[in-house]
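Report on the structure given below.
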Amino acid sequence: AQAGVIYRHIRKNRRMITISPIYARYVVRDFQRRKLPVAALFEGTALDRPQLETRDTISIEDFNRLLENALNLSGDDSLGLMIGSNTSLMTLGPVGVAAASAPTLRAGLQAIESFSRIHAGQTRVEVSSTLQGMSVLICVITDLGQVGRFHAESSALWLQHYVDMVTGCPMTEAEIRMGFEQPDYAGDYGMHFHCPVSFGWQHTSLELPRHYLVDPSPYYSGELWQQSQLTLAERLRELNSQQSRSYSRHLRSLLRSCELPLPNLAEIASQLHLSTRSLNRRLQLEDTGYRQIRNEMLFEWTRRYLIETSDSIESIATRLGYEDASNFRRAFKAWEGCSPGSFRERQRRAQ
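All you need for my numbering is the position in the sequence shown, starting with 1, plus 3.
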């Protein structure tokens, strides 16, 4: 079953940081086309060309060394754009299957984040809802040195390819923020990216408008999507047995990426193929509960509305699901120690 393939792939590779060899194969193919010395790409690695062509994964150290060799041999600073322009969901393997079969773009991005979080690699995807839509953050876990820029560029491009595929049109209304200073070849970006790109941010991210996230995906497959959720649930159970607080982390990440109204406990438990009692028990073992985590996320939404909008307190309370604005005011005072109005005024003075 597809779920079993995904699970074995994750379990096999969790002991060391690995990456698909497909990215390195793109570099080899590019060197062949430009008649550059392919054999020299493998100097200082534990790889040779036959191994690269037959392995399912390679170490991130070997891949980064191959990229450094490619940069030194070619003098081409835009290798990341070349790699990213070739990348598709197929490059992501089982994770790509989960994303491609998702019912919406939002659900697909949530799946990518979930799998990147439980299978730590050189980068991790973090998604969070915003008042405008969604922010997709590419977080670097390991020190990638001079080739870190290549990873950021290729990640931004495969995200663009994914959005283009699901929406059926070029991603022109988004924004890409690069976590590095503007390179000398930034003029080439227009040939690869459909939307504005800015530089000098702390992390690389994709800022998506809401309307991209909610339309049904034409590629949705109920069977494949269900299998990917089973795989995620199985991996979470394994992590939980290692006392890694996996359920509370997953729940926080999932709720952070959802828009209002937030899903209830039964909906989350169903997605994880657990009863509500079982999920509550697992959260209690991690010294928390669904209500506590949900309230944390509601507080984050409250701060956004108070800081980023001029909406009335009553309107914000309604959006957050409070039937009575006075209950909202009491809850906010318990969180922040002051009224919503006082908090908003204090933030505006500070700005």
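Idealized CB from N, CA, C, for every residue including glycine.
Assigned secondary structure, residue i (DSSP; H/G/I helix, E/B strand, else coil)
i	result
Leu-2	Beyond the ends of the chain as shown, which are 4 and 354, falls residue 2; an answer cannot be given.
Met-137	strand
Ser-345	helix
Glu-311	helix
Ile-179	strand
Pro-53	helix
Pro-219	strand
Ser-224	coil
Thr-279	helix
Arg-352	helix
Ser-77	helix
Thr-321	helix
Glu-339	helix
Thr-305	helix
Asp-167	helix
Gln-274	helix
Ala-334	helix
Gln-359	This structure cannot speak to residue 359, because the chain is shown only from 4 to 354.
Pro-97	helix
Asp-191	helix
Residue i classed as buried or exposed, judged by whether at least 16 other C-beta atoms fall within 10 angstroms
i	result
Met-300	buried
Glu-210	buried
Cys-172	exposed
Leu-239	buried
Leu-134	exposed
His-214	exposed
Val-72	Per the sequence presented here, residue 72 reads as Asn, with Val not at that position. With 16 or more other Cβ atoms within 10 Å, it is buried.
Thr-312	exposed
Met-85	buried
Ile-296	buried
Gln-2	This structure cannot settle anything about residue 2, because the visible part of the chain is limited to 4 through 354.
Ala-337	exposed
Ser-132	buried
Asp-65	buried
Met-137	buried
Gly-193	exposed
Thr-21	buried
Ser-117	buried
Ala-353	exposed
Ala-155	buried
Ser-260	buried
Proximity below 8 angstroms, CB of residue i to CB of residue j
i	j	result
Asn-243	Arg-285	yes
Gly-87	Ala-159	yes
Arg-152	Gly-83	yes
Leu-316	Ala-334	Looking at the sequence provided, one finds Ile at residue 316 rather than Leu. Not closer than 8 angstroms, so no.
Gln-113	Val-139	no
Ile-271	Leu-288	no
Leu-309	Pro-343	yes
Leu-69	Val-30	yes
Ala-103	Ile-115	no
Cys-198	Met-168	no
Val-362	Arg-109	Residue 362 lies beyond the residue range present for the chain, which begins at 4 and ends at 354; the question has no answer from this structure.
Pro-24	Ile-61	yes
Tyr-293	Leu-268	yes
Tyr-26	Leu-92	no
His-206	Ile-144	no
Asn-67	Val-150	yes
Glu-176	Pro-212	yes
Ser-157	Thr-90	yes
Pro-186	Asp-80	yes
Ala-43	Leu-76	yes
Bridge-paired residues (DSSP) for residue i
i	result
Arg-127	Cys-142
Val-200	Ile-179
Ser-132	Met-137
Leu-234	A quick correction: the sequence has Thr, not Leu, at residue 234. Paired residue(s): none; Thr-234 is not in a bridge.
Ser-62	Thr-21
Thr-425	What the structure shows of the chain is the stretch from 4 to 354, and residue 425 is not part of that stretch, so it cannot be assessed.
Inset, instruction - Examine the Cβ distances between the region 217 to 233 and the region 172 to 188 and report whether three or more of them are shorter than 8 angstroms. - result: no
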